[in-house]
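Numbering follows full-length UniProt numbering, in which position 33 of the sequence shown is assigned residue number 33; successive positions increment by one, without gaps.
Worksheet: the structure to be examined is printed underneath.
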Amino acid sequence: MIRQRANFDWLLKELSDGVPGVQQIVVLSADGLRIARYGGDPDAADRLSAACAGLQSLAAAVGQEIPHSDGTMRMVIIEIDGGFFYLMAAGTGAYLAVLTDMTAEAGMVGNRMRDLVVRIGAHLTSPPRRGGQPV
1 MIRQRANFDW LLKELSDGVP GVQQIVVLSA DGLRIARYGG DPDAADRLSA
51 ACAGLQSLAA AVGQEIPHSD GTMRMVIIEI DGGFFYLMAA GTGAYLAVLT
101 DMTAEAGMVG NRMRDLVVRI GAHLTSPPRR GGQPV
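Here it is as structure tokens:
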């Protein structure tokens, strides 16, 4: 079971406040469990976390097809009608997801996400839940 990490609310708020257009931020484990969130409602964050688990797995599978790649997913960006979705690796077994509206500048979102991961990535590491078995 994943225990709630140290309170990241202020760091997630800082990311949201520093990038116009951010609607929701979720920190999640590789198996799709929400660790922390900012913005949006908890149920939406849980649904997003579950979807991200599948998306990161799909991205890793696609990455295996790229020559000279180890298949490690670093970032996925999806443009959706009305906004963008960003998913970034954020420590071993953890990810940072951000939903924005159309006004958000992609470069700024990616840079701020990377800065946040560098600052707190070690704290975002999420161990496997099944006694060390791959998830």
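All C-beta atoms, glycine included, are put in the ideal place defined by N, C-alpha and C.
Same chain only: Cβ atoms within 6 Å of residue i, ignoring 5 sequence neighbours per side
i, result
"L12", "I25 and Y38"
"Q4", "With a pLDDT of 48 at Q4, under the threshold of 50, the modelled position of this residue cannot be trusted, and the question is left open."
"M75", "M88"
"A59", "M73 and V76"
Proximal residues to residue i (C-beta, below 7 Å), its chain only, five neighbours per side dropped
i, result
"T100", "G21, V22, Q23, G83, F84 and V109"
"G63", "S69, G71, T72 and M73"
"R112", "L15, G18 and V19"
Bounding residues of the beta strand (DSSP E) (the contiguous stretch that carries residue i)
i, result
"L99", "A94 to D101"
"L28", "V22 to S29"
"M88", "G83 to A89"
"R37", "R34 to Y38"
"E105", "Segment: none, E105 is in no beta strand (DSSP E) and carries neither H nor E."
"M75", "M75 to I80"
Rounded distance between the beta-carbons of residue j and residue i, thought under 8 Å
i, j, result
"V19", "A104", "6 Å"
"Y95", "A30", "7 Å"
Residue range of the unbroken alpha helix (DSSP H) whose run includes residue i
i, result
"R47", "P42 to G63"
"L11", "D9 to G18"
Distance, residue j Cα to residue i Cα
i, j, result
"L15", "I80", "21 Å"
"E65", "L87", "20 Å"
"residue 216", "A45", "What is shown of the chain runs 1 to 135, which leaves residue 216 out entirely."
"V135", "A53", "Low local confidence applies: a pLDDT of 46 at V135 is under 50, so the model's placement there is unreliable, with the coordinate-based value given in what follows. So the alpha carbons of these two residues sit roughly 10 Å apart."
"A106", "V98", "11 Å"
"F8", "A36", "7 Å"
"L28", "P67", "29 Å"
Beta-carbon proximity list for residue i, same chain, < 8 Å, skipping 5 on both sides
i, result
"A61", "G71"
Distance cut-off 7 Å: residue i Cβ against heavy atoms of the ligand MG
i, result
"D70", "With respect to small molecules bound, the structure shown includes none, and the ligand MG cannot be examined in it."
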